[in-house]
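Worksheet: the structure to be examined is printed underneath.
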Amino acid sequence: MEYRIKAQTRGNEKPAALRDAGKLPGVVYNRQENYKVVVDLKEFNKVFLAAGIHHVITLELENGKTVDTLVRQVNLDKRRRRPDHVDFYALSDEPVLMWIPIKIEGTAQGVREGGVLQLVNNDVQVKVSPKAIPPHIEVDVSHLRIGDSIHANELRLPPGVTLAMNPSDTIVAIVPPEDVEKLEAQAAEAPAEVEVIKKGKTEEEK
Numbered sequence: 001m002e003y004r005i006k007a008q009t010r011g012n013e014k015p016a017a018l019r020d021a022g023k024l025p026g027v028v029y030n031r032q033e034n035y036k037v038v039v040d041l042k043e044f045n046k047v048f049l050a051a052g053i054h055h056v057i058t059l060e061l062e063n064g065k066t067v068d069t070l071v072r073q074v075n076l077d078k079r080r081r082r083p084d085h086v087d088f089y090a091l092s093d094e095p096v097l098m099w100i101p102i103k104i105e106g107t108a109q110g111v112r113e114g115g116v117l118q119l120v121n122n123d124v125q126v127k128v129s130p131k132a133i134p135p136h137i138e139v140d141v142s143h144l145r146i147g148d149s150i151h152a153n154e155l156r157l158p159p160g161v162t163l164a165m166n167p168s169d170t171i172v173a174i175v176p177p178e179d180v181e182k183l184e185a186q187a188a189e190a191p192a193e194v195e196v197i198k199k200g201k202t203e204e205e206k
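With the first letter of the sequence shown counted as 1, position 200 gets the number 200 in the UniProt record's numbering; the numbers rise by one all the way through.
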C-alpha cells in the first residue's frame, strides 16, 4: 500500500503561525540535502496513523517532485497533545537502518503446556534497501516449549535484509506464568516512561 502526503517547501514563515493555521512544519534530510517543508496536520495524522515509522511515505511537493521518506522524529506539543514538528528522512538507493515489526506465526507448544508467550522486542533493527523494505519479520514460534526463546541472530530475514542489532537480543520467549507475574509486579513499581512516538535518528544520520 502506498502512503502519500502533499507537502510544500517553506522559507522563513514562523512555525507558530503555521501551526495556528492547521499546518505541521517539518524538515526533509539525508546526507546530501536538508530543507524545510510544511504539510497539512490532519492529513499527516491520518497517514502517519497508518504508516507509522515502518512504511515509506511519499511527499508530493508543489513543483511536481516526489520524495520517498521515512518518518524519523515527531515532536509533540505537550499542552495540545498534537504533533508540532516532523523529521522526514529522504531515501536514496543506499541501504537504510530501520525498525521492522515482528509478526508471530503459529501457537507455541509451550503455551499449550501452560506457559506464556512474551514478545520481548516488538521490532527488529535491520539494514535494507528502500526498495526491499519488508512489511514485517515473521517469527514461527510453534516449536517453542517453556523456557525456550528466539534471539535476533536466529531470525529468518528476507533476501537483502541484514541484522543491525545485538544478535544475542531476545525477540520472543515462552516463560512460566509465575515469571510473568514477577515481571508485571516489577513494571508496576517502576516509574512511568515518557511517551515515545518514534525510535529517533540513527547514528548514521546524525
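Where is the CB? At the ideal position from N, CA and C, for every residue including glycine.
For G110, no beta strand (DSSP E) segment is defined; the enclosing uninterrupted segment is the alpha helix (DSSP H) at 109-112. Burial state of L119 is exposed, judged by a 10 Å Cβ sphere holding fewer than 16 other Cβ atoms. A straight-line Cα-Cα distance of about 10 angstroms links K46 and I5. Between F88 and T69, the gap from beta carbon to beta carbon is short of 7 angstroms. CA-to-CA, the gap between R145 and V96 works out to about 35 angstroms. P176 sits in coil when the DSSP states are folded into three classes, being neither helix nor strand. In the displayed model, P25 falls within a strand according to three-state DSSP.
DSSP places N166 outside both helix and strand once states are collapsed to three, so it counts as coil. The C-alpha of V161 is placed about 8 angstroms away from the C-alpha of A132. Under the three-state reduction of DSSP, L18 is assigned to helix.
For I150, the beta-bridge partners assigned by DSSP are V172. In this structure, P134 sits away from P167, with a CB-CB distance that is not shorter than 7 angstroms.
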